[in-house]
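Novice:
Protein chains in written order, with the working numbering: chain A, 1 to 112; chain B, 1 to 114.
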C-alpha cells in the first residue's frame, strides 16, 4: 500500500517555465520529507528536504512546499532547465531512523 | 571524494541460478542500505546496516536473499536461487550516521532473470 503517492507519472514543461511536481501522503505522523532526482543509469541523488514543522524550504531554483492539512507536498522548479529532465521521487523518513519510503516517481521533461 | 561503488552494473542470469551484488560505500559512512527498485516503482528498502550489524531486515525475503557486511565497510547481497520476479535494479546507499538524513546512492545493478 503506497503511503506516498505521486499521481502524475510524467510532466512536460518548456524551458524557463515553472515545473510543479506533486506528492500526496496518507499518514499525518510523517515528520520529514525529501525529494530525490534520478537520471537514467544513475542512482537517485538528494535534492531538497523539509521538516513537518515548516511549510516551505527553498534552495536556489528549487522550493518545496508542505501543506499538512491537505497532506500534500510539492516541488517547484523555477526556471526549469533541460538538465532538470529526470525522474523525481518524493520520500518520507519513517519512524525507523534512516529508512526512506519512496513514491513511484514523476518523469519530468523540460524542452527547449 | 569517491561515491558509492556498485558492481556489476548489469547482470543477466537464468532463473534458479545464484547471483551476488557488491557495494562499497563512501569512506567513513557507517550506515549502509540495500534497496530494490522494480520497474515503474520507487526504491524499496531490503536491509539496513549500522556498521556490521543488520538493524532493519524486515523487508528482506530471507528464504532466498542474504546479505553480509563482515568488516563494516563493503557489503554483498546474494540471491539464491533467483526467480523471474527478482528482475529489478538493486541500489546500495550509504549515510554518515548522525550527521544528516541524506542517503547517497550508487548507480545500481540491473538484474534480468530469464
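Here a beta-carbon is modelled for each residue, glycine too, at the ideal position from N, C-alpha and C. Source: prediction; values computed, not measured.
Against residue 102 of chain B, what residues of chain A qualify as contacts under a CB-to-CB distance less than 7 Å, listed in chain order?
Specialist: In the second chain, counting from the first residue as 1, residue 102 of chain B sits at position 102. Under the 7 Å cutoff, chain A gives 46.
Novice: In the DSSP output, what is residue 93 of chain A paired with across the bridge?
Specialist: Against the first chain, residue 93 of chain A aligns to sequence position 93. Answer by DSSP bridge pairing, in chain order: A:100.
Novice: Would you mind working out which of B:52, B:88, B:113, B:96 sits nearest residue 45 of chain B, comparing C-alpha positions?
Specialist: Here residue 45 of chain B refers to the residue found at position 45 of the second chain. Out of B:52, B:88, B:113, B:96, B:88 has the C-alpha closest to the C-alpha of residue 45 of chain B.
Novice: Spatial neighbours of residue 51 of chain B within its chain, please: CB distance less than 7 Å, with the 5 preceding and 5 following residues excluded, ordered by chain position.
Specialist: Position 51 of the second chain, counting from 1, holds the residue named residue 51 of chain B. The answer, listed in chain order, is 30, 72.
Novice: Determine, using beta-carbon pairs with one atom in the region 22-30 of chain A and one in the region 10-20 of chain B, whether at least three such pairs fall under 8 Å.
Specialist: Judged by Cβ distances under 8 Å, the region 22-30 of chain A makes no contact with the region 10-20 of chain B, as fewer than three pairs qualify.
Novice: For residue 28 of chain B, which of B:102, B:112, B:114, B:95 has the nearest alpha-carbon?
Specialist: Residue mapping note: residue 28 of chain B aligns to position 28 of the second chain, counting from 1. Answer by Cα proximity: B:95.
Novice: If you measure between the beta carbons of residue 34 of chain A and residue 91 of chain A, is that distance less than 9 Å?
Specialist: In the first chain, counting from the first residue as 1, residue 34 of chain A sits at position 34. In the first chain, counting from the first residue as 1, residue 91 of chain A sits at position 91. Yes.
Novice: Just checking my contact of residue 4 of chain B with residue 26 of chain B at CB under 8 Å: how many whole Å lie between their CB atoms?
Specialist: Locating residue 4 of chain B in the second chain gives position 4, counting from the first residue. Locating residue 26 of chain B in the second chain gives position 26, counting from the first residue. Indeed, because the Cβ distance is near 6 Å, the residues count as touching under 8 Å.
Novice: Check the Cβ of residue 108 of chain B against every Cβ in chain A and list those closer than 7 Å, keeping chain order.
Specialist: Counting from one through the second chain, the residue named residue 108 of chain B turns up at place 108. Ordered by position in chain A, the residues that pass the 7 Å Cβ test against residue 108 of chain B are 43.
Novice: Does the Cβ-Cβ distance between residue 101 of chain A and residue 36 of chain A come in under 9 Å?
Specialist: Here residue 101 of chain A corresponds to residue number 101 of the first chain, with the count starting at 1. Here residue 36 of chain A corresponds to residue number 36 of the first chain, with the count starting at 1. No, the pair does not count as a contact, with Cβ atoms beyond the cut-off.
Novice: Strictly by DSSP, which residues pair up with residue 67 of chain B?
Specialist: For the purposes of this step, residue 67 of chain B is taken as the residue at position 67 of the second chain. BP columns for residue 67 of chain B point to B:77.
Novice: Suppose you measure from the CA of residue 38 of chain A to the CA of residue 111 of chain B; what does that come to, to the nearest Å?
Specialist: Residue mapping note: residue 38 of chain A aligns to position 38 of the first chain, counting from 1. Residue mapping note: residue 111 of chain B aligns to position 111 of the second chain, counting from 1. Rounded to whole angstroms, residue 38 of chain A to residue 111 of chain B spans 18 Å at the Cα level.
Novice: Do residue 13 of chain A and residue 106 of chain A have their beta-carbon atoms positioned less than 9 Å apart in this structure?
Specialist: If you number the first chain from 1, residue 106 of chain A lands on position 106. If you number the first chain from 1, residue 13 of chain A lands on position 13. Contact flag unset, no.
Novice: What separation, rounded to the nearest whole angstrom, lies between the Cα atoms of residue 78 of chain B and residue 11 of chain B?
Specialist: Here the question's residue 78 of chain B lines up with position 78 in the second chain. Here the question's residue 11 of chain B lines up with position 11 in the second chain. Residue 78 of chain B and residue 11 of chain B: Cα-Cα distance of roughly 13 Å.
Novice: So which residues on chain B does residue 100 of chain A lean against when the C-beta distance must stay under 8 Å?
Specialist: Your numbering for residue 100 of chain A matches position 100 in the first chain. Within 8 Å Cβ-Cβ: 43, 45, 103.
Novice: Determine the direct distance from the alpha carbon of residue 113 of chain B to that of residue 82 of chain B, and round the result to whole angstroms.
Specialist: As a working note, residue 82 of chain B is residue 82 in the second chain. As a working note, residue 113 of chain B is residue 113 in the second chain. Roughly 7 Å between the two C-alpha positions.
Novice: One question on the structure: do residue 103 of chain A and residue 108 of chain B come within less than 9 Å of each other, judged by their Cβ atoms?
Specialist: Counted from its first residue, the first chain places residue 103 of chain A at position 103. Counted from its first residue, the second chain places residue 108 of chain B at position 108. Taking 9 Å as the Cβ cut-off, residue 103 of chain A and residue 108 of chain B do not qualify as a contacting pair.
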